[in-house]
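Have a look at the structure below before the remarks.
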Amino acid sequence: MRGHSFALCGPLVIDIESRFNPTWRGSSMSEQSSERTVSRREFLKMAGVAGAALGVGAGLSGILAACGEEETTTTSTPATTAGPGTTAGPSTTAGPTTSVSAGVEMGREIKIGAVSPITGALASFGGPDKWIVSFVLKAVGDGVVCGDGKKHPISIIQLDTQSSPNRAAEVTQDLLFNEKVDMMVASSSPDTVNPAADQCEANGVPFLANFVPWQPFYFGRGATPDKPFKWTWMYHFGVEDAAECRIGMWDQIETNKKVAYLFPNDADGQAWFNPEKGLEPFLVKGGYVTGAKPDMYQPPSEDFTQQISLFKKEGCEICTGNQTPPDFTTFWKQCMQQGYKPKIFSMSKALLFHKSIEAVGDIGIGLSDHMVWHPKFPYKSYLTGLTCEEYAAKYTEETGEQWTQTLGQLGKYEWAIDVLKRVPDIENKELYIEAIKTTKFEGINGPVDFTLPVAPGTVRPVPNVYKIKIAGGQWGKSEDPRFKYDMYICYGQDPKMPIQKKFEPI
263 MRGHSFALCG PLVIDIESRF NPTWRGSSMS EQSSERTVSR REFLKMAGVA GAALGVGAGL
323 SGILAACGEE ETTTTSTPAT TAGPGTTAGP STTAGPTTSV SAGVEMGREI KIGAVSPITG
383 ALASFGGPDK WIVSFVLKAV GDGVVCGDGK KHPISIIQLD TQSSPNRAAE VTQDLLFNEK
443 VDMMVASSSP DTVNPAADQC EANGVPFLAN FVPWQPFYFG RGATPDKPFK WTWMYHFGVE
503 DAAECRIGMW DQIETNKKVA YLFPNDADGQ AWFNPEKGLE PFLVKGGYVT GAKPDMYQPP
563 SEDFTQQISL FKKEGCEICT GNQTPPDFTT FWKQCMQQGY KPKIFSMSKA LLFHKSIEAV
623 GDIGIGLSDH MVWHPKFPYK SYLTGLTCEE YAAKYTEETG EQWTQTLGQL GKYEWAIDVL
683 KRVPDIENKE LYIEAIKTTK FEGINGPVDF TLPVAPGTVR PVPNVYKIKI AGGQWGKSED
743 PRFKYDMYIC YGQDPKMPIQ KKFEPI
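If you're matching positions, the sequence shown starts at 263 in the numbering used here and goes up one per residue.
This is the structure in structure tokens:
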């Protein structure tokens, strides 16, 4: 048994009133719907049994919301069943394309389950997720031609983890045992990804992830280089890459190189705090010294006085670590109130997001972090061919919201579609794994190639992982008059990433 994973035997009884909380259910069969409102009791009668799949079949699509203690449930019925044809992915990808003649044989609906922190402390990660699902379903149109030569309608059932690891495990069980999804995807930090991955590993369901560091995903769940996982796979970055991007920025200015570290006692913080595999040893190797490294704090926290006093006492001109957006807001405001203003402040997780800077205002200008996705990255969507910049612009046009790094979470769906196009028998889960192992495509996060050999220090450090290229960025005033702040690339692992500004002290 790895981590907190466990297999469930026998039927799973779901308390549908209190636990089953879909935030989105969509199908590639239809893009438009007409809605009617029914009571929760009526809805349960329609469903048949509490453990039944809550919603619509291959021909029914749209939004299904059953939120908390609300008295009504909104269901959708199709107004149209026609959808656009699907644009084929780049030619670097093996397998049949999705665009086919009208005479192709239709197969059954394929269900993709997804878990996401739509609410709670990690809600910034889940902010664009409903829009991303809609983008994917529009892109695949009326279905995907899989490796069996049949066109299969695609549905995506997305559940809210409420930013809780325990709930992430629970809603994953709902997807596995009630919805009987064919495969699972997840993003948004180890607190979301790891519990979902554990459930899939224990129950033999293919699972794909991105937007999570590989060390907590792999080592944090109990795998070793010679004992990998079978069912759970990911591509993204490692702590060593975050360190490289920090050093690439920090070396651009003069400091005393004394670093203060701040980490919460959660799955992410534990991996970053690790004295052997965490952030510190990589920064030390890069010429920086540890000024202060207090014990991990219990999140959420309202008082960081003890840590701030230590950082001031030790004269740390650099502060780094890993915090949720709410903890960062509290900490940084208290730093200003208590007179601690380092030359450099690079905080993972929280400083991915515009909303974190908006929460503290202009005192957030000059803060920095590694960047896992940016509109200026030189990549294109596997599903549509849109560049990162075009994709971000489409999000802003359709939502009115500023771009966010988590738009890059689209990549896990691109990967899922690529795998399905190469699976010769969708009923055989073993064949999904064979397709995953031979993944080689280019998407919104850049090249992904699992055919490369596994070797420490490479983009394939362990069997279940591929590493993409990331960047280092600094926050400043937005050049777009519609928005207040923006993040600018100061260092890039990929030479094709444009450097937008020189790194500067706060």
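From the three backbone atoms N, C-alpha and C, an ideal C-beta is built for every residue, glycine too.
{"query": "Check for me: the alpha helix (DSSP H) holding C650 runs from which residue to which?", "result": "C650 to T661"}
{"query": "Please state if the CB of F639 and the CB of M511 are separated by a distance shorter than 8 Å.", "result": "no"}
{"query": "For the segment 600–640, list the beta strand (DSSP E) runs that are entirely contained and at least 3 residues long, ordered along the chain.", "result": "606–611 and 630–633"}
{"query": "Within the continuous alpha helix (DSSP H) that includes F439, where are the two ends?", "result": "First-last for F439: undefined, no H or E at that position."}
{"query": "Under 8 Å, with one C-beta from each stretch per pair, do the segment 450–466 and the segment 412–431 reach the 3-pair mark?", "result": "yes"}
{"query": "Identify which residue in F615, I619 and K412 has its Cα closest to the Cα of S222.", "result": "Past the edges of the chain, shown from 263 to 768, lies residue 222, and the structure says nothing about it."}
{"query": "Taking C-beta to C-beta, are E676 and Y644 nearer than 8 Å?", "result": "yes"}
{"query": "Going by beta carbon distance, what residues of the same chain come within less than 7 Å of D631, once the five residues before and after it are set aside?", "result": "S608, M609, S610, L613, L614 and G735"}
{"query": "Only counting runs of 3 or more residues, tell me where the beta strand (DSSP E) segments fall wholly within the segment 430–485, in order along the chain.", "result": "445–448 and 469–471"}
{"query": "So is E538 in contact with chain B if we call contact Cβ pairs under 8 Å?", "result": "The chain labelled as chain B is not found in the depicted structure, where only one protein chain is given."}
{"query": "What is the DSSP secondary structure of A697, reduced to helix, strand or coil?", "result": "helix"}
{"query": "Quick check: what's the CA-CA separation for C752 versus Q762?", "result": "6 Å"}
{"query": "Give me the Cα-Cα distance between C578 and K603, rounded to the nearest whole angstrom.", "result": "9 Å"}
{"query": "Taking all protein chains shown into account, do 16 or more other C-beta atoms lie within 10 angstroms of the C-beta of S450, making it buried, or fewer, making it exposed?", "result": "buried"}
{"query": "Does the count of Cβ pairs from the segment 485–496 and the segment 519–536 closer than 8 Å reach three?", "result": "no"}
{"query": "I'd like to check one pair, V474 with F544: are the Cβ atoms closer than 8 Å?", "result": "no"}
{"query": "Is E542 helix, strand or coil by DSSP?", "result": "helix"}
{"query": "Quick check on the burial criterion: 16 or more other C-beta atoms within 10 angstroms. Buried or exposed for P757?", "result": "exposed"}
{"query": "With a threshold of 8 Å, are at least 3 pairs of Cβ atoms found where one atom belongs to the segment 550–560 and the other to the segment 515–522?", "result": "yes"}
{"query": "With which residues is G675 paired in a DSSP beta bridge?", "result": "A small fix is needed here, since residue 675 is Tyr in this sequence, not Gly. DSSP output for Y675 lists no bridge partner at all."}
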